[in-house]
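Data block below; observations after.
Protein chains: 2
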Amino acid sequence: MSRASETAYEKIRNFILQGEAQPGMQLTEEKLSDIAGVSRTPVRDAVQRLENELLLVRSASKRLSVANWSDGEIDEMFTLRAMLERHAAERAAKRMDADSLDQLREINGVLKSAVNRSEPDIGAFLNANRQFHDLILNCAQSPRLSKLLPALVEQPVVRRTAHQYSVKDLAQSGKDHDELIAAFAAQDENWAGAIMTSHIRRAFHTFSETTNNGGKR
Amino acid sequence: MSRASETAYEKIRNFILQGEAQPGMQLTEEKLSDIAGVSRTPVRDAVQRLENELLLVRSASKRLSVANWSDGEIDEMFTLRAMLERHAAERAAKRMDADSLDQLREINGVLKSAVNRSEPDIGAFLNANRQFHDLILNCAQSPRLSKLLPALVEQPVVRRTAHQYSVKDLAQSGKDHDELIAAFAAQDENWAGAIMTSHIRRAFHTFSETTNNGGKR
DNA sequence: TCACTTCCTATTGTATACAATTACCAAAGG
DNA sequence: CCTTTGGTAATTGTATACAATAGGAAGTGA
Numbered sequence: 004m005s006r007a008s009e010t011a012y013e014k015i016r017n018f019i020l021q022g023e024a025q026p027g028m029q030l031t032e033e034k035l036s037d038i039a040g041v042s043r044t045p046v047r048d049a050v051q052r053l054e055n056e057l058l059l060v061r062s063a064s065k066r067l068s069v070a071n072w073s074d075g076e077i078d079e080m081f082t083l084r085a086m087l088e089r090h091a092a093e094r095a096a097k098r099m100d101a102d103s104l105d106q107l108r109e110i111n112g113v114l115k116s117a118v119n120r121s122e123p124d125i126g127a128f129l130n131a132n133r134q135f136h137d138l139i140l141n142c143a144q145s146p147r148l149s150k151l152l153p154a155l156v157e158q159p160v161v162r163r164t165a166h167q168y169s170v171k172d173l174a175q176s177g178k179d180h181d182e183l184i185a186a187f188a189a190q191d192e193n194w195a196g197a198i199m200t201s202h203i204r205r206a207f208h209t210f211s212e213t214t215n216n217g218g219k220r
Numbered sequence: 004m005s006r007a008s009e010t011a012y013e014k015i016r017n018f019i020l021q022g023e024a025q026p027g028m029q030l031t032e033e034k035l036s037d038i039a040g041v042s043r044t045p046v047r048d049a050v051q052r053l054e055n056e057l058l059l060v061r062s063a064s065k066r067l068s069v070a071n072w073s074d075g076e077i078d079e080m081f082t083l084r085a086m087l088e089r090h091a092a093e094r095a096a097k098r099m100d101a102d103s104l105d106q107l108r109e110i111n112g113v114l115k116s117a118v119n120r121s122e123p124d125i126g127a128f129l130n131a132n133r134q135f136h137d138l139i140l141n142c143a144q145s146p147r148l149s150k151l152l153p154a155l156v157e158q159p160v161v162r163r164t165a166h167q168y169s170v171k172d173l174a175q176s177g178k179d180h181d182e183l184i185a186a187f188a189a190q191d192e193n194w195a196g197a198i199m200t201s202h203i204r205r206a207f208h209t210f211s212e213t214t215n216n217g218g219k220r
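From first to last, the protein sequence lines are chains G and P. In terms of the working numbering, the first sequence is residues 4 to 220. In terms of the working numbering, the second sequence is residues 4 to 220.
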């Protein structure tokens, strides 16, 4: 995307995710253009994107506010994400080529080395994890899916959990990826789909525990 | 949404769906603002929405063009739609109240009366059908789902099939709705989900036949 | 005190002018 | 004949001014 529009998106997004904005907080386009340092025009572009990702919501009278997720809605989000990522994994398993497999292995290596050290590097972990899932999504070769999924991934979760992962959770993620790679190598779509499903379920479980929302499904 | 922005959305959408625009055709924001009769500002809003629905696509250099779906992509769209609508039906089955049930019955009545006449009223049928599915989506009470699904429904299909439905297909749709209503009344989520899945599959099959794309899955 | 009306203000929506980017084409050089 | 390079026109991106609309506070009457 264009420069101002993109920086607006990123700055507003960080503003929301990294704690400066309270859920439910009212915002105006002008405040956001101050934050982003650009005029309202690109801000409006960014806002529309963030509305699609449901990070921002508009009241009946067009007023903007920061989304405020209920536990039930977060649960639902993980459920949908599990459905769609499973589907992506299934498609990817049928379409995976040797090059992509190698890349997956490499990314997974980075991910593990970020975890296997005295002080795990959460940033590097999250980054590699994202790359891993993005690559699978690409291999699925579905433009629709590529539009739908990113709006579901990560966002409302990052702020609350980024510094709360346990080493055990991080290690489990690496193991899941190992299994996924094996499933892709075997071109076994059912296996890949099943692993992906439980992978996301685990992510939800981790989320529920670290945020003490009861972990009910 | 706002007036100009909304009319722009509708006019451009009609322009695409009702045959004036060829798939792959290049467009400019200025042409679109001529079509819509408003300035570029609201047009850009509308374009962003239509990009999300994948009716418009942007080339690497930001040029706009009308989407051109391959058979495989349309297939994929129906698959995703089936997944999400099934999920919506399952949730709706657990949350359906007496009022909504009555409304569903009423809408279904309208739908059938649009079909059971010497000259079926396709417009009325499509309208009632849409209302039916929208109501189910509302009952599912999932903001995420309500964002994701509408971008998948109907669009790239309407133009090619609107006047091609057979009376048999239309009648089958009414029967599916009967079964869905029964499943909702019984609050049987598995039943509702199963019916919805085959309902969408049938829609895809009908689509494939009437467009002679081979109907391969 | 409560409801209702009426302003004023804050906020969003739209148009337009201008800046920046990109494509297109023609001319030059190999 | 092909490729490259420059310039120009077309197109998208951004800022700003203004219009329209919604919210809220102050005032009025019962």
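The C-beta atom is built at its ideal place from N, Cα and C for all residues, glycine as well.
Could you have a look at residue i and say whether DSSP puts it in helix, strand or coil?
i: Q25(P); result: coil
i: L58(G); result: coil
i: V50(P); result: helix
i: L152(P); result: coil
i: V69(G); result: strand
Using a Cβ-Cβ distance cut-off of 8 Å, determine whether residue i contacts chain G.
i: S64(P); result: no
Which chain G residues are close to residue i, counting only those with a beta carbon under 9 Å from its beta carbon?
i: M86(P); result: M86, L87, H90
Mind listing the chain P neighbours of residue i? Cutoff is C-beta to C-beta under 7 Å, in chain order.
i: S145(G); result: E79
Listing by chain order, which chain G residues have their CB less than 8 Å from the CB of residue i?
i: K221(P); result: The structure shown does not extend to residue 221(P), since chain P spans only 4 to 220, so no value can be given for it.
Closer than 7 Å by beta-carbon distance: list the chain G residues that pair up with residue i, in chain order.
i: D74(P); result: Those do not exist, as D74(P) stays about 13 Å from chain G at its closest Cβ, beyond 7 Å.
Could you tell me which chain P residues have their CB closer than 8 Å to the CB of residue i, listed as they occur along the chain?
i: D48(G); result: R47, Q51
Less than 8 Å between CB atoms is the rule here; does residue i satisfy it with respect to chain P?
i: L83(G); result: yes
Compute the minimum distance between the beta carbon of residue i and the heavy atoms of the ligand MG, and state whether it is under 7 Å.
i: A101(P); result: By its list of ligands, the structure shown contains no ligand whatsoever, and the ligand MG lies outside what it can speak to.
Taking contact to mean at least 3 C-beta pairs separated by less than 8 Å, is the stretch 97-113 of chain G in contact with the stretch 69-87 of chain G? Two segments are said to touch when three or more pairs of C-beta atoms, one from each, lie closer than 8 Å; by this definition the stretch 97-113 of chain G does not touch the stretch 69-87 of chain G.
Whole beta strand (DSSP E) runs in the stretch 87-159 of chain P with 3 or more residues, listed along the chain? The qualifying runs do not exist here; there are none.
Check whether the stretch 84-100 of chain P touches the stretch 187-199 of chain P, taking contact to mean three or more Cβ pairs, one atom from each stretch, closer than 8 Å. Short answer: they touch.
Measuring CB atoms only, is the stretch 42-54 of chain P touching the stretch 9-26 of chain P, in the sense that at least three cross pairs come out at less than 8 Å? Touching, yes.
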